[in-house]
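Participant: In this note's numbering, the protein residues as written are 1277 to 1460.
Just so it is clear, CB atoms sit at the ideal spot from N, CA and C, and this is done for glycine as well.
Predicted, not measured: the structure shown is a model, and the values here were computed from it.
I'd like to ask some things about the structure below.
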């Protein structure tokens, strides 16, 4: 199966603001990004997307997506919509000390976010095979999907830096996964 992982277009948010599941608008046109990506995609594909607007709008410009909440970005709880300066250095240091297991107050940990993204992947792989699948989502879930498929240890998933409005192709085989290209 060809698997195309696409990160949403740039969101309309000020620099230094913490956002995850905050439903933001876009700083660039979803239809323009879709037109730029269309030549990279096959003619026919199954399409899945996060229901958050920044991913959903791009997916809708590409076709008719199946929306799946497991593809949402990490939930930062009480940190959502706040500046990192307001959150404070002590809280950020606590996160840096346990980057996979720390959860902001009222939020979820990266490991919890990854678990739901990987649950989506397990269902995708258990379904009747589609020749091609396109997933439009966010950096966190895309890192978890690609990291798992490429056997990258979770503590190194941050190194899989999915750029906004870019596509990555992985070919899934019974014997393993091939990374065909990244961030095109």
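Would a C-beta distance cut-off of 8 angstroms place residue 1328 and residue 1299 closer than the cut-off?
Facilitator: In this structure, residue 1299 lies closer than 8 angstroms to residue 1328 by Cβ.
Participant: Apart from the five residues just before and just after residue 1381, which ones in its own chain have a Cβ nearer than 7 angstroms to its Cβ?
Facilitator: Hits under 7 angstroms: 1353, 1354.
Participant: What runs of the beta strand (DSSP E), each 3 residues or longer, lie entirely inside the region 1279-1336?
Facilitator: Within the region 1279-1336, the complete beta strand (DSSP E) runs of at least 3 residues are 1322-1325.
Participant: Helix, strand or coil for residue 1432 per DSSP?
Facilitator: If DSSP states are grouped into helix, strand and coil, residue 1432 belongs with the helices.
Participant: Pull up the distance between the alpha-carbon of residue 1288 and that of residue 1318, whole angstroms please.
Facilitator: Cα-Cα distance, rounded: 29 angstroms.
Participant: Quick test of your reading: residue 1323 and residue 1340, contact by CB under 8 angstroms. State the CB separation rounded to the nearest angstrom.
Facilitator: Indeed they touch by this definition, with Cβ atoms about 7 angstroms apart.
Participant: To the nearest angstrom, report how far apart residue 1301 and residue 1437 are at their CA atoms.
Facilitator: Rounded to whole angstroms, residue 1301 to residue 1437 spans 21 angstroms at the Cα level.
Participant: Quick check: the Cα distance between residue 1284 and residue 1443, rounded to an integer number of angstroms?
Facilitator: Between residue 1284 and residue 1443, the C-alpha separation is close to 9 angstroms.
Participant: If you pair each beta-carbon of the region 1417-1424 with each one of the region 1364-1379, do three or more pairs fall below 8 angstroms?
Facilitator: Cβ pair count under 8 angstroms is below three, so no.
Participant: If you check the beta carbons only, do residue 1447 and residue 1278 fall under 8 angstroms apart?
Facilitator: Cβ atoms of residue 1447 and residue 1278: closer than 8 angstroms.
Participant: If distances are taken between C-alpha atoms only, which option among 1320, 1296, 1409 comes closest to residue 1330?
Facilitator: For residue 1330, the nearest C-alpha among the options comes from 1296.
Participant: Can you name the start and end residues of the alpha helix (DSSP H) that residue 1401 belongs to?
Facilitator: Per DSSP, residue 1401 belongs to the alpha helix (DSSP H) from 1386-1402.
Participant: Out of 1377, 1424, 1356, which one is the CA nearest neighbour of residue 1293?
Facilitator: The shortest Cα separation from residue 1293 among 1377, 1424, 1356 belongs to 1356.
Participant: Give the C-beta separation of residue 1425 and residue 1453 to the nearest angstrom, bearing in mind that I take them to be a contact with Cβ-Cβ under 8 angstroms.
Facilitator: Going by Cβ atoms, the distance from residue 1425 to residue 1453 rounds to 4 angstroms, so yes, they are a contact pair.
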